[in-house]
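Protein chains in written order, with my numbering: chain H, 448 to 782; chain S, 21 to 464; chain A, 83 to 441; chain P, 23 to 350. Okay, so here's the structure we're looking at.
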Amino acid sequence: MSARTEKSPKRAGASARFQGPLLRVEELCLHFHASYGVVRAVEGVDFELARGQTVAVLGESGCGKTSLARAILRLLPRNIARYSGKVFLEGTDIMKLSEERFRHDIRWNKISMVSQSAMNSLNPVLKVGYQVAEPLLLNHMGKDQAFERARQVFGIVGVPPAFLDRYAFELSGGMRQRAIIAMALIADPVMVILDEPTSALDVLTQANIMNALKRIKQELNLNFMLITHDIATSSELADEVLCMYAGQLVEHSKAERFYREPLHPYAQKLMASVPTLRVDKKPEFITGQPPSLFNPPEGCRFAPRCHKRFDRCQEEPPLFVHGDETVKCWLYENR
Amino acid sequence: MGKLWAWLKIKELRRYPSLAAGVILVFLFVVLSLYAVVSIPYSEAVRLWRGGPGVWDDYPRNAEPVWFDLFTRDQLSRTIVVPFGAGLKTEEPLANGMKRVETLLPFSFEYDTFPVELSMFTLTTEVTNATVSWHTPDGRIITLIEGRRLNRGRTTYYISQDELLKNQLEGMAPHRGLFADPEDRGKPLRGEYQLVVEAELGDADELDAKLVVYGQIHGLGGTDHNKRDLMVALLWGAPVGLMFGILAAIGAQVSTFVLAGVGTWLGGKIDRVFQWVTQVNLILPVLPILIMIGHFYSRSIWTMLGLVIALNVFSAAMLTYRSMFLQLKESAYIEAAQAYGAGDARIIFRYLLPKLAPTLLPQFVLVVPSFVFLEATLSVLGLGDPILPTWGKIINDAYTQGALYKGLYYWIVQPAALLMLMGVGFALIGFSLDRIFNPRLRTV
Amino acid sequence: MGKTFARLGRYALFRAAFLLLAVVVALYLTVIIANMGGEMDRVRKAEIRFAVGQMVYQDPANRGLPASELERQVEELMQFEYRRLGLDKPFFPDRSLRYLWQALSLRFGRAEFMNSDAGSKQVRSILLERLPSTLVLFATAELILFLLALFVALFLSRRYGSVLDRAIVALAPSSAAPGWFYGIFLILIFAAALRVLPWGGMVSLPPPKEPLDYALSLMRHMILPVSAIVIGAIFASIYSWRTFFLIYSSEDYVELAKAKGLSSQAVERRYILRPTLPPIITTFLLTVITMWMGQIVLEYVFKWPGIGQLYFQATSVGDTPVIVGVIVLYGYLLAASVYVLDFVYAIVDPRVRVGVGGR
Amino acid sequence: MENNTLLSIKNLQTYFELKRWGFLSAGFVKAVDGVSFELAKGESVTIVGESGSGKTTLLRTIMGLAKPTGGEMVFDGRRLNGERGQMGRDTRWLRSQVGFVQQDPYGALPSFMNVRRILREPLIVNKVKKEEQEHRVRESMEEVRLIPADDFLPKFPHMLSGGQQQRLVIARAIILHPMLIAADEPVSMLDASVRVEILELIGRIQRDHNLAVIYVTHDLSSVRYFSQRAFVMYAAKMVEKADVREIVNNPLHPYTQVLLNAIPDPDAQNATRFRDVPPGEPPSLINPPAGCRFHPRCQHIIEGLCDEEEPPEFEPEPHHFVECWLYK
C-alpha cells in the first residue's frame, strides 16, 4: 500500500460549500499525434455546470465526447500533442495542480469515473470487494470500515453483498456495471463521469441501472456527466445537454429545450434521426459524413451538411450566449 | 495477402532498421551459400572433407588464418611448395648402364617466423642410394640423408621428424634449425634456399622430388588437425545450415499452423486428440531421442531433418496457434461464409488460415535459427551428417582436439561467429516482423 | 476457503493423472524407438548370457566337464531364462510392455560399459548419482533467469521507446543461439584468455573437505555455466514479457486504477504485474522445456558431471541401458517441470483456482 | 392460387447439448423451445427480445446454420428436417436462399480480401458460371449504391467507412438472389444518422425484389417503420405475435408491456419519473422455470396456473396472438 500523505479530514458536510458553479471549463483543448497527423479531438470547449445538475454530453462517434471527459480527469495517452485550457472545480483550476496533488486530491475524491467497457474494467485477479474499497484504503481508512462502506454502496446500486468476496469473472455484465458504479460512489465524490454506462447492456438491465442512478442523483445530490451516443437514454438523467460535433461544442441548453426544439441545425437533425416508440414520427438520416479531425474544414464544421447554410458560415461562428443557452451558429448572432 | 505486400512494398522497411539489417545479413548468407555450392560442387566438397591420402598433403596442420598477419608487425611464414618437375634436373651418364641424377629444388624464404613443418616427397621407379642436402642462403650445406634406399613409387620423407638431423642441429627441430640464422638462432634467415637430391639409378629409371615448407598461416579460414582447409567447411556450412533451418521451419511451423487451424475448426474429437498429442510431445525429450536414433540407426541429414520435423509438428506453437484460431473461429466473417454455404475445407484454407498467415511469418522466421542451431548441436554431439562439412562439425572437431587449450581460438570462433550471425539475421527479421504484424502490439 | 482448496486439490490431482498418462505414452514411444533395431533385446540377451555363463563356469560341480558340455548347459539355462523373462514372446504387446514397466520404475538393469563413480554397474545408481548436480545447476539458472527477466521487463515496460528499451529489444535476437554456444565464448574469455574462472567441472579437484569451501568452489564453478544459460534465453524472455506488460498495461482496469488515484507503483504491482503473471508463467514453461534439451550440450561443453554429460558419454560409447535410462529420467523431469508450473499457474490465476461458472 | 407462404414453422426446437469433461452429457441448453409462425413472400417482420432470449438461435436455425432438434420447418414448400442424407443437400439449398446481414460490418468482412473477391466468394461457392459472376458483382453494387463500382472493387474493408462496409455486407447478402434476408442487429453498431439510411436501403431492396426480411434486434423503436409484424421472444418462447402498430400501442403480454415501458423516448420528463421494471434477470435456458417462464417476474401472476402449466397460444384479437393465461 503506497503511503499517501495524511489527508485533510473528510469534507464534513458542515464546511462552507463553494457557492459558484461546481465546474467551469474554459478553452479546453486536447490534440493527439496519430500516424497520419495530429487529431484535434477537443477544440476550445467552454461551459459551466451548477451543483447538483446532471449534464449529458451527446454526439456521434468520433465527435470528441469521451476525449472531453478524459481531458477533465487528466487520463491522457502517451501520444499527446496539445493539452491546454482551464478547468475550475469548486473555484480552483485543477489543470494547474501537480500530478501528485491532482492524484491525491482530485482523483476519485472529487471526480470519479464509470468507464465504457464494464466487461473488463475489473481486475480479473483481485476480489471485487477489495477493488471497490481500494480508494478508501488509500485514504488510510481501516480495512473493516472501508469494507463496511463498500457493503453500503453495494446496497445503493442493488448488488448483493456476497459478491464482495467474488472475482470479476463470477459476475454478470449487469452486476459488473453496478459494482463499478458503486466503486465510483465510495469516496463520495462531487462529480461522477459516466461514459456510455449502459450501452452494452440489455434494455431491462439498462432501465434498472438508470433507476438506481436517478435515486443516487436525488439522495446524494451528486453531479453526473453522462457521455453517450444513445440520445433517448440520455434523457433519463439529463438536466442539461452539451452537444458536440467534430471536436467542438455546438450547443449547451436545458433538457426541455434540447429534447423538444434544439437550436443548432445539427442538433435539430440529430433529434430528427432519433427513432421514437410512443410518438409516430419516421426518423430521418443526415446526409454526408462528419469531417476528419486532423484537418477539419475552415469555418463552421457542420456547414457542408447543414440544411440552413448561408454565406456567413465560411467563417467559424463563436459561441453565442443567450440566457442559459449557448449555441455556435451564425443564425443566432443577434437574437 | 494484400496487407502483407502493402507493408513490404512501401517505405516501412526504413522505419524498421533491424528489419533492414536482418534482411541484409540473411541475403549475405544466401550469396555465400550460392558461392559455396558453385565454387566447390557437392561431390568435390564431400571428397575434400573426407580427406584421405594425398588430398591435403600440401596443407599445414592447425595453421592460423591469413588475416592473423594483420595483427603482427612481422611477416608470418606461409606454405611454400616446390612441386614435382619444378626442380632443375641434370643427368650424368655413368659406367655399367647407370646414371647420376641431381635435382635442385630452389625456393626463397622471406618471412620473420619459422615454418611449422617440412616434408619432401619423391616419385621414383628404383633408387639404390640417394643423398639429400640443404643449401642455406649464406652458403652452408647440411646433408639430411646419405646413401638411403628409396623404394618404388611415391615416398614421403618427414624432414621435421628426423631425430638424427635434430641432434645434428644441436637439438633444434629441423623445420627451425635448417632456417635458423647462425648469429641469432631465434630468427629465421631470409634468402634463397635449395634442396639438392643426388642419386644413382638405372638408365631407364626416373626420379622426381617435391618439397613442401608448411607455413604458420594458411588460407582465409586456417586449417584443422587433419590439415583440411577450414574454408571448405566454413563455406559449405552456410547452404547446409540454411537448408536445414528453412526446411525444418517449413515442415514444423507451417504444418503446426495448418493442423491447428484444421483441429480448431473441426473441433470435437480431432481437436482433443491434437491437444493431447501436443501435451505428450511437450513431455517428450526431443533431443535425446534424436541422438538415440542418430546413434542406433542413421545420421544422414535427411533422416535427422525428417525426425526434427516429425517431433516438432505438435510443438508448443500448436497451443499458441490454437488459442488464436479459437478466437477467430467465432468472428462474424466466418459465420457469414457459412451462411452462403462455404464448406469446412474452404473455410479453413480460404478464411481461417489466410487471416492469421501474417502472424505465422514472424514465428516462422524466428524458428529458423533454433533449427540451424539444432543442426549445429547435433554435429557438436558427433551426430552431424557423416559426409557433409558443417559449422557444427568444425566446432566439434575443435572441441575434441582441445582447441581452447592449445590457443587455436580461430578454429572455434570462426564457425561460431558465422552460426551466430545467421541466427541473429533471421531473429532480427523475425522480431521486427513480429512488431509489424502482431495485431495486439500495434495498439500500444 | 475450504471450497477453493478442494477445487485446487481436484485440479492438482487431475493434472497429475494427465501428466502421468502423458509420461507413460512418451516412454512407450521411447522404448519402441529404442528397440526398433532390436537393440534392447540384444542387450537383454547379452546380460543373461553373461550371468548364466558366470554361473555355469564357476560352478565347482562342472570343474572337470569338457567345454562342449559347459556350453550345452549355458545354452539350456539361457533358453529357460528367456521363457522366464518372457523374451520369447512377441515384441508387441508383451515385451514392449515389460520394457515399459521396467523403464517406468527406473529398473534398467546393468550398464554395458559404464559404471558410476562409486563403481556400481546399476544404471539407476549411475543416474541418481549424477542427478543432483544437474538439478543444482538447472534450478539456479532458471530461478535467476525468471527473476532477472521479470524485473527488467517490468522496468522496461515503464520506459517504452527509451534508448534502453530499444537496446534490449535490439538484443532480443541474440537468444536465437542456445546456452552452450555462449558457454564456448565465456570459456574462451574467462578461462582461456583471462584465466579468472575454472574451465569446467563442478568442484576443484581434489574436492575440498569443508562444506563451506565445497560450496564456495561449487559456486565458483557454476558462474560460467549459469551465465551461459541465462544469456542464452534472457533477452528473448525480456522482450516477450515486456510486450505482455505493454499490452496488459493498456487494459481498461489499469486505466480505471490510475483514475482511482493509485500511485504508479501500486498500479504496476497490483494491476499490471499480477494479471500478467499467468501468460508469463506459460511462456516461461516453454523456455524451461527447451532449456532441458540444451542441458546435454551445455554439460558436455562445461564438463559438468550431470545427466546431460552422462547421456553424451553413453551415446558416444553406445551404452543402451544408460541411454534409455537418461531419456526416461528426462521424461520425468519434463513432466515434473510442467506439473510445477501448472500448479503455480493455478495459484496465480483465480479463474483456474476458483473455476469458471460463477455467472 | 400460388402458395404465398415462404416459410412456415411449427413447434420448432433447437437444443445444444452441454458436455462436461468433453464426453459426459450435462443437460441441454434449450435455446428455441416450441416456436411457430408463418412468413409470407415479400413480408418483413421483427423479432424482439433481450440477449439470451433465443432470438439469434432462431434466426440461425432458419438460415440453416443451427440444426433444429425438433418441430417442423417448411421453406418455399420444401420440408427441411428430413432424413440424414437429405439433410446435407437441403441445408446447402436453404443457405443459398437466405442472405445474412450481420451486426458488426467490419467484423463481417474478411480483412484480407478486396471488395471484388468478397462479392465473388458466394458465387464461387454456389458454382455460378464464371461469365455471369462479374455481371452479378456489378449488379449487386449498383443495388446498394456503391457506385462507381470500379472505385470500390480493388479496395480492402479497412479502407471503407462504417456505412460503406454495411452496404457491402448487404450487397453480398443479395448477390445470390435469395428469397429471405436475415438481419441480426443490422444497425445497432451504426450512429443514429447513418442507421436510418441503411434501413431504408434494405426496405427499398425488399420492395424491388419482393424479398422477405427478418430483423432480429433488442431496439424495436428503430426498426418499427420497416417491418409489418413484430414477434416478442422471452426465454426461448415466442410470447406475443401481432402487427407492429398493435404491439407498440396495445401490448397484451405482461413481458411485452414491461419491455416497451423500459425503452425510453427522448423526453426531458424521463429524468423525474422512475420506470417500473421487474427485478431479477432472464431465466437460465438449461432448466427454465415451470409453467409460464415469465411468472417469477410477472405482476399479474395467477397462482396455481401460471406457475404450473405452460400457456398455449390465444388470439384475443384478430391476428394478435399471445401466450398468457390472462387471455384464456
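Even for Gly, the Cβ is constructed at its ideal location relative to N, Cα and C. In this text, all values refer to a predicted model and were calculated from it rather than measured experimentally.
Contact check for M95 (chain P) against L34 (chain P) passes: the beta carbons are separated by less than 9 angstroms. Not a single C-beta of chain H is nearer than 9 angstroms to the C-beta of E262 (chain P). Contact holds between the region 500-518 of chain H and the region 475-491 of chain H, because three or more Cβ pairs, one in each stretch, are under 8 angstroms apart. Counting the other CB atoms within 10 Å of its CB gives T92 (chain S) a total below 16, which places it among the exposed residues. Not one beta carbon of chain H lies nearer than 9 angstroms to the beta carbon of D265 (chain P). Within the same chain, Cβ atoms closer than 8 angstroms to the Cβ of D265 (chain P) are found at Q250, R251, A252, H341, H342, the five residues on either side in sequence being excluded.
DSSP places G576 (chain H) in the uninterrupted alpha helix (DSSP H) bounded by 575-585. A direct Cα-Cα distance of roughly 11 angstroms separates L584 (chain H) from I633 (chain H). Contact check for E772 (chain H) and G746 (chain H): beta-carbon distance about 22 angstroms, past the 8 angstroms limit, so the pair fails to qualify. Rounded to the nearest angstrom, the Cβ distance from E218 (chain S) to T151 (chain S) is 5 angstroms, consistent with a contact under 8 angstroms.
Residue environment analysis places M118 (chain A) among the exposed positions, since fewer than 16 neighbouring C-beta atoms fall within 10 angstroms of its C-beta. In the same chain as P176 (chain P), and ignoring 5 residues on each side of it, the C-beta atoms closer than 6 angstroms to its own belong to N136, in chain order. By DSSP's assignment, G484 (chain H) forms a beta bridge with H:A481. Taking 8 angstroms as the cut-off between beta carbons, none of the residues of the region 164-177 of chain P comes near chain S.
One Cα belongs to L209 (chain S), the other to Y177 (chain S), and the distance between them is close to 23 angstroms. Scanning the region 125-213 of chain S from its first residue to its last, the whole beta strand (DSSP E) runs of 3-plus residues come out as 137-144, 147-155, 161-170, 173-177.
Rounded to whole angstroms, the separation of the alpha carbons of S482 (chain H) and F178 (chain P) is 19 angstroms. Less than 9 angstroms divides the Cβ of L168 (chain P) from the Cβ of Q186 (chain P).
Nearest Cα to Y213 (chain S) within the set S:L250, S:I162, S:E220: S:I162. For G121 (chain P), the enclosing beta strand (DSSP E) begins and ends at 120-123. Apart from the 5 residues on each side of it in sequence, A257 (chain P) sits with its Cβ closer than 7 angstroms to the Cβ of S75, P304, P305, L307, P310, R315 in its chain, given in chain order. Taking 9 angstroms as the cut-off, the Cβ atoms of Y335 (chain A) and S568 (chain H) count as close.
Against chain A, the CB of M312 (chain S) has a partner CB under 9 angstroms away; the residue lies at that interface.
Residues of the region 141-154 of chain P that bring their beta carbon within less than 8 angstroms of a beta carbon in chain S comprise E143, P144, V147, N148, in sequence order. Boundaries around Y277 (chain P) are those of the alpha helix (DSSP H), 276-284, since no beta strand (DSSP E) includes it.
Distance check between P730 (chain H) and each of H:P737, H:L573, H:K716, H:A685 places H:K716 closest, using alpha-carbon atoms only.
Cα atoms of F394 (chain A) and R352 (chain A): separation of roughly 46 angstroms, rounded to the nearest angstrom. Going by DSSP, P374 (chain S) is part of the alpha helix (DSSP H) stretching over 373-400. Counting other Cβ atoms within 10 Å of its Cβ, R124 (chain A) stays below 16 and is therefore classed as exposed. Chain-order list of chain S residues neighbouring F272 (chain A): empty, with the shortest C-beta distance near 11 angstroms, by a criterion of under 8 angstroms.
Only F100, L101, A104, V105, V107, A108, L111, T112 from the region 98-113 of chain A bring a Cβ to less than 8 angstroms from some Cβ of chain S. Here G235 (chain S) is near L96 (chain S), since their CB atoms are less than 9 angstroms apart. Scanning its chain for C-beta atoms nearer than 6 angstroms, with the 5 sequence neighbours on each side dropped, one finds around V232 (chain S) the residues D78, V101, S139, in chain order. Under DSSP, no beta-bridge partner is assigned to Y335 (chain A). Not a single C-beta of chain A is nearer than 9 angstroms to the C-beta of M324 (chain S). Chain-ordered, the chain H residues with CB closer than 7 angstroms to the CB of E219 (chain P) read F732.
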